Amino acid sequence: MPVLLNGIRRERDGVTVIDCVALQMRKRIEHEKDIMQTKQRLEALYQETNEANQRLELLHTQYEKKQQELLELNEKLETLASTDPLTGLKNRRFFQEQLQKCMATSQETGEAFSLCIIDIDRFKSINDTYGHPVGDLVLSQLAELLQEQSAADSVVARFGGEEFVILLPELEQEQALLAAEKYRFATESTLLGDLHITISIGAATYSPEETDQSLLQQADQALYLSKNNGRNRVTHYNA
782 MPVLLNGIRR ERDGVTVIDC VALQMRKRIE HEKDIMQTKQ RLEALYQETN
832 EANQRLELLH TQYEKKQQEL LELNEKLETL ASTDPLTGLK NRRFFQEQLQ
882 KCMATSQETG EAFSLCIIDI DRFKSINDTY GHPVGDLVLS QLAELLQEQS
932 AADSVVARFG GEEFVILLPE LEQEQALLAA EKYRFATEST LLGDLHITIS
982 IGAATYSPEE TDQSLLQQAD QALYLSKNNG RNRVTHYNA
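Position in the sequence shown counted from 1, then plus 781, gives you my numbering.
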């Protein structure tokens, strides 16, 4: 009977002895088979784990791509939600949000700001005489002109119909009047849609007791005075 014999020398009660263990070779072969099978299972498991990791990395890459696409889509939707489709300017909703932010900043820092409401003079007659496509072209080109004439931190928006609004950060009353006059003169001097048009402007400057609605009402009242006093002019509410 072939065996595998292992021994170890020890001291026991002052006597040197050798403890031996004899194991049949058949047992060793069985152990070696078990070890080999375990090794094979480990290798298979490692391969499965490696493949799973690769699939996980692929899924992670796809997830990041989808997440980026979602962020870009959200940005596009946000842009659409805050942009006037005809002129490409910001819309009334966006303007009012920015107005409230300006008010909060002014209350915190004491910095002044003003706003203008702009209305195209006799715009209805343009639509009636030349048609709505020409009227739309005038609106689009005036929007571009107002944007070009504005400072980088100004907010130019379409308020509705033929009305535009401009937020003028850090401008006091006199500065706001100068800025508004610049818009008026540029419009009067520029051919828009093969037409010469004029605009009337009402301006107002923020003070701590005002709300967003009261400030807009002040600018609207100033605009009304510009219209009633002959159009193609600038009026400040406090002037």
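Built from N, CA and C at the ideal position, the CB exists for glycine as well. None of the values given here were measured: they were computed from a predicted structure.
Worksheet entry | Beta carbon of Ala924 nearer than 8 Å to that of Arg939 | Their beta carbons are under 8 Å apart, which means Ala924 touches Arg939 by this criterion.
Worksheet item: Taking the C-alpha atoms as reference points, what is the distance between Val936 and Leu858?
Response: Roughly 20 Å separates the two Cα atoms.
Discussion item. Tell me whether the stretch 987-1005 and the stretch 961-975 touch, counting them as touching only if at least three CB pairs, one residue from each stretch, are closer than 8 Å.
Written reply: The stretch 987-1005 and the stretch 961-975 do not touch, with fewer than 3 CB-CB distances between them shorter than 8 Å.
Worksheet item: Out of Ala1000, Asp1001, Ser995 and Ile980, which has the shortest C-alpha to C-alpha gap to Thr900?
Response: For the sequence presented, residue 900 should be read as Asp rather than Thr. Nearest C-alpha to Asp900: Ile980.
Item to complete: Give the straight-line distance between the Cα atoms of Arg1012 and Tyr1018, rounded to the nearest whole angstrom.
Response: C-alpha of Arg1012 to C-alpha of Tyr1018: approximately 16 Å in a straight line.
Worksheet item: Touch check for the stretch 889-900 and the stretch 946-955: three-plus C-beta pairs under 8 Å?
Response: Judged by Cβ distances under 8 Å, the stretch 889-900 makes contact with the stretch 946-955, as three or more pairs qualify.
Practice prompt. Assign Glu824 to one of two classes, buried (16 or more other C-beta atoms within 10 Å of its C-beta) or exposed (fewer than that).
Written response: By the 10 Å Cβ count, Glu824 comes out exposed.
Practice prompt. Go ahead and label Phe876 buried or exposed: buried means 16 or more other beta carbons lie within 10 angstroms of its beta carbon, across all protein chains shown.
Written response: Buried.
Discussion item. Do Asp993 and Gln881 count as a contact pair if the criterion is CB distance below 8 Å?
Written reply: The criterion of a C-beta distance shorter than 8 Å is satisfied by Gln881 and Asp993.
Worksheet item: Is the beta carbon of Met806 sitting closer than 8 Å to the one on Pro783?
Response: Against a cut-off of 8 Å, the Cβ pair of Pro783 and Met806 comes out as a contact.
Worksheet item: What residues are listed by DSSP as bridge partners for Leu917?
Response: A small correction: the amino acid at residue 917 is Asp; Leu does not occupy that position in the sequence shown. As DSSP reads the structure, Asp917 sits in no beta bridge.
Discussion item. What does the Cβ neighbour count give for Ala957, buried or exposed, with the cut at 16 atoms within 10 Å?
Written reply: It is buried - the Cβ of Ala957 has at least 16 other Cβ atoms within 10 Å.
Worksheet item: Using the beta-carbon count (16 or more within 10 Å), is Cys883 buried or exposed?
Response: By the 10 Å Cβ count, Cys883 comes out buried.
Worksheet item: Which stretch, first to last residue, makes up the alpha helix (DSSP H) that contains Asp1001?
Response: Following the DSSP letters along the chain, one finds Asp1001 inside the alpha helix (DSSP H) bounded by residues Asp993 to Asn1009.
Worksheet item: Thinking C-beta only, is Leu926 closer than 8 Å to Thr864?
Response: For the pair Thr864 and Leu926, the CB atoms are not nearer than the 8 Å cut-off.
Worksheet item: By DSSP, does Ile789 sit in helix, in strand, or in coil?
Response: DSSP places Ile789 in strand when its eight states are reduced to three.
Practice prompt. May I ask you to list the residues that DSSP assigns as paired with Gln805?
Written response: Val784.
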